[in-house]
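Asks: The C-terminal residue of the sequence shown carries number 324 in our numbering, and the numbering is unbroken. Before I ask anything, let me first share the structure, which is written out below as structure tokens.
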Amino acid sequence: MRRKLWLPVLLVLCLALTVGMLVACDPGSSDQGGQGGNGGENAGSAGLIFEDIGGSYSVTGYEGTDPEVVIPETHNGLPVTSIGSYAFAGCASLTSITIPDSVTSIGSRVFLSCTNIASATMPALAIDVIPKDSLKTVVITSGESIGDYAFDGCTSLTSITIPGSVTSIGDLAFYGCTSLTSIAIPDSVASIGSSAFSDCDSLTSVTIPDSVTSIGSSAFSSCTSLTSVIIPDSVTSIGDWTFSGCTSLTSVIIPDSVTSIGDLAFSGCTNIASATMPAHAIDDIPKDSLKTVVITSGESIEDYAFSGCTAEIIWGGTPTRSEE
1 MRRKLWLPVL
11 LVLCLALTVG
21 MLVACDPGSS
31 DQGGQGGNGG
41 ENAGSAGLIF
51 EDIGGSYSVT
61 GYEGTDPEVV
71 IPETHNGLPV
81 TSIGSYAFAG
91 CASLTSITIP
101 DSVTSIGSRV
111 FLSCTNIASA
121 TMPALAIDVI
131 PKDSLKTVVI
141 TSGESIGDYA
151 FDGCTSLTSI
161 TIPGSVTSIG
171 DLAFYGCTSL
181 TSIAIPDSVA
191 SIGSSAFSDC
201 DSLTSVTIPD
211 SVTSIGSSAF
221 SSCTSLTSVI
231 IPDSVTSIGD
241 WTFSGCTSLT
251 SVIIPDSVTS
261 IGDLAFSGCT
271 NIASATMPAH
281 AIDDIPKDSL
291 KTVVITSGES
301 IEDYAFSGCT
311 AEIIWGGTPT
321 RSEE
């Protein structure tokens, strides 16, 4: 008899837990920001739930129906500084999110099951909490670094904007972003991490600014659509396998500032037709398709450096033919 009495109680408890997980996306609640609510400053903020945390507000839930949400910088005249855990959990219809730079703290699983987010504008600290399942367009508005694995395996990503405040791009930050066709790295970036853009096989162009001093191992390996690369004078070292497997690469410029080139840095780049480089880099460039080589510095060319290669060699401004 007691078991029969407990059954309806258990059913009620299960129902309460289910409602609790979905309440953030239930449009029936009246405790909302934006239009008809507590004074949200953006139309896109309608339905946001704010909690006064003493001198600022935290977004703790969303009860709206708009798939494009803009979190305002202020609410009721105070800054919005945090987003609570599970605030948007279960909002499967959410397609766009804007997080202001005023947000400095973000809880766990904020966007749990929000797998349809295609566009995100946010500070760098929010990168880890955004689901990458459908992400296509990203604008990073602030932050000093793009962390390790930031967009690792984000195969739908087609556009990324990096702000001038970023000084480093971490290891595997964009690894396997197979839909990314181009990227502009701002001139504030000093280092590009290992495998940062590895396996971005649709990447056709990349601008490396003259602020970069080091390029990590395998940073651009297997970028099979990359056709040319200009390494700026600021770079002093190129890591192992940095451009290995870039089979579409036809032109390379290596400045005299580069004093260290890692093992197999250009391995498999068999279509390089034009190379401008110091003499010490000769051994690192495949000779399969070379047609023109400009040697910019160095006192000598090693024995057999161009053996079997019919490229035109320009040494000290004088064109010659390579000899076996």
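Beta carbons are placed, not taken as given, at the ideal position from N, Cα and C, and that holds for glycine. Predicted, not measured: the structure shown is a model, and the values here were computed from it.
Tell me the DSSP secondary structure of L78 in three-state form.
Replies: Strand.
Asks: Please classify S45: is it buried, with 16 or more other beta-carbons within 10 angstroms of its beta-carbon, or exposed?
Replies: S45 is buried by the Cβ-count criterion.
Asks: Distance check for S257 and C326, CA to CA, integer angstroms please.
Replies: Nothing can be reported for residue 326, as the shown portion of the chain is limited to 1 through 324.
Asks: For I169 and I192, which I take to be in contact (beta-carbon distance under 8 Å), what is that distance rounded to the nearest angstrom?
Replies: At roughly 5 Å, the Cβ-Cβ gap stays under 8 Å, so I169 and I192 are in contact.
Asks: Starting from Y57 and walking both ways along the beta strand (DSSP E), at which residues does that stretch end?
Replies: Note, Y57: beta strand (DSSP E), 57-62.
Asks: How is the beta strand (DSSP E) around E68 delimited, first residue to last?
Replies: Element bounds for E68: 68-70.
Asks: In whole angstroms, what is the alpha-carbon distance linking T270 and G176?
Replies: T270 and G176: Cα-Cα distance of roughly 22 Å.
Asks: Could you check which residue in P79, T141, V80, L249 has the C-alpha nearest to that of K287?
Replies: The residue with the shortest Cα to Cα distance from K287 is L249.
Asks: In the DSSP assignment, what residue or residues form a beta bridge with L48?
Replies: Partner(s): Y62.
Asks: Name the DSSP bridge partner or partners of I127?
Replies: DSSP lists no partner for I127.
Asks: Could you pull out every residue in the same chain whose Cβ sits closer than 6 Å to the Cβ of D263, ignoring the five residues on either side in sequence?
Replies: Taken in chain order, the residues that qualify are D240.
Asks: Roughly how many whole angstroms lie between the Cα atoms of A124 and G55?
Replies: Their Cα atoms are separated by approximately 24 Å.
Asks: For W315, I'd like the list of residues in its chain whose CB is within less than 8 Å of its CB, leaving aside the five on either flank, ordered along the chain.
Replies: Only I295, I301 meet the Cβ criterion.
Asks: Taking only three categories from DSSP, how would you classify A265?
Replies: Looking at A265 - three-state DSSP - the assignment turns out to be coil, as it is neither helix nor strand.
Asks: Let me make sure I understand the geometry here. Which of A87, S198, A275, L180 has the alpha-carbon closest to that of K291?
Replies: When each option's Cα is compared against that of K291, the closest is A275.
Asks: Please classify I275: does DSSP put it in a helix, a strand, or coil?
Replies: Looking at the sequence itself, residue 275 is Ala, so the reference to Ile does not match. It is a strand residue.
Asks: If you reduce the DSSP assignment to three classes, tell me which class A219 lands in.
Replies: Here A219 sits in coil by DSSP.
Asks: Where does A196 fall in DSSP's three states?
Replies: Looking at A196 - three-state DSSP - the assignment turns out to be coil, as it is neither helix nor strand.
Asks: Quick check: what's the CA-CA separation for G298 versus M277?
Replies: Near 10 Å, if we compare the C-alpha coordinates of M277 and G298.
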